[in-house]
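J.: Please see the structure below; I have some questions.
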């Protein structure tokens with residue numbers, strides 16, 4: 002079997018069972034995406050669609066400000082670390098715990114590979 006990409010992207014909200022954010026200190030946020038299936042997680046990981054540029058665009062920040070993007074295979078999860086725009090608990094902070102900062106991820110969509118018969122193997126029986 003070979004793979005090709007599907008024609009229409011699927012929303013992250015359909016692919017992940019958990020999409021959340023939290024503080025990872027007073028100056029940084031951690032974004033967690035835990036996928037519903039290992040197969041979809043691996044497909045997205047291997048396709049290279051989750052990039053600093055994608056996350057930076059969603060959060061309207063520069064890609065180089067993203068501290069880390071970590072793929073954690075045992076949990077079929079991705080952890081993204083980025084700076085907070087204001088320190089937790091400081092004047093102007095509207096989300097002391099960082100628990101509402103995952104919202105930009107909710108608008109992301111990804112194209113998954115779709116298995117197609119490999120014509121080089123001859124007819125299927």
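In this note's numbering, the protein residues as written are 2 to 126.
Quick reminder that beta carbons are idealized off the backbone N, C-alpha and C, glycines included.
None of these values were measured; they are calculated from a predicted model.
#1: Mind checking which residues open and close the beta strand (DSSP E) that includes residue 22?
#2: Tell me the rounded alpha-carbon separation between residue 82 and residue 38.
#3: Would you list, in sequence order, the uninterrupted beta strand (DSSP E) runs of no fewer than 3 residues that lie entirely inside the region 38 to 76?
#4: Since residue 89 and residue 42 are thought to touch, with beta carbons under 8 Å apart, how far apart are those beta carbons, to the nearest angstrom?
#5: Do residue 24 and residue 32 have their C-beta atoms within less than 8 Å of each other?
#6: Can you list, in chain order, the residues of its chain whose CB lies under 6 Å from that of residue 123, leaving out five sequence neighbours each side?
#7: Please report how far the alpha carbon of residue 84 lies from the alpha carbon of residue 48, in whole angstroms.
#8: Count the other CB atoms within 10 Å of the CB of residue 102; is the residue buried (16 or more) or exposed (fewer)?
#9: Using CA atoms only, rank isn't needed, just tell me which of 69, 71 and 53 is closest to residue 63.
#10: Which word fits residue 73, buried or exposed, when buried means at least 16 other C-beta atoms lie within 10 angstroms of its C-beta?
#11: Whole angstroms are fine: how far does the CA of residue 105 sit from the CA of residue 86?
#12: For a test of the three-state rule: what should DSSP assign to residue 107, helix, strand or coil?
T.: From the atom records:
#1: As a first step, residue 22 is located in the chain shown; it is residue number 21 there, counting from the start. From DSSP, the beta strand (DSSP E) with residue 22 extends over 17 to 24.
#2: Within the chain shown, residue 82 is the residue found at index 81, counting from 1. Within the chain shown, residue 38 is the residue found at index 37, counting from 1. C-alpha separation (whole angstroms): 23 Å.
#3: 69 to 73
#4: By one-based count along the chain shown, residue 89 stands at place 88. By one-based count along the chain shown, residue 42 stands at place 41. That pair is no contact at about 30 Å.
#5: Locating residue 24 in the chain shown gives position 23, counting from the first residue. Locating residue 32 in the chain shown gives position 31, counting from the first residue. No.
#6: Here the question's residue 123 lines up with position 122 in the chain shown. Only weak support exists for where residue 123 lies, its pLDDT of 49 falling under 50; the coordinates are left without a value.
#7: Looking up residue 84 in the chain shown gives position 83. Looking up residue 48 in the chain shown gives position 47. About 26 Å.
#8: One-based indexing of the chain shown puts residue 102 at position 101. With 16 or more other Cβ atoms within 10 Å, it is buried.
#9: In the chain shown, counting from the first residue as 1, residue 63 sits at position 62. Per the Cα distances, 53.
#10: The residue given as residue 73 occupies position 72 in the chain shown. Per the 10 Å Cβ criterion, exposed.
#11: As a first step, residue 86 must be located in the chain shown, where it is residue number 85. As a first step, residue 105 must be located in the chain shown, where it is residue number 104. One C-alpha to the other measures close to 14 Å.
#12: Working through the chain shown from its first residue, we reach residue 107 at position 106. Correct three-state label for residue 107: helix.
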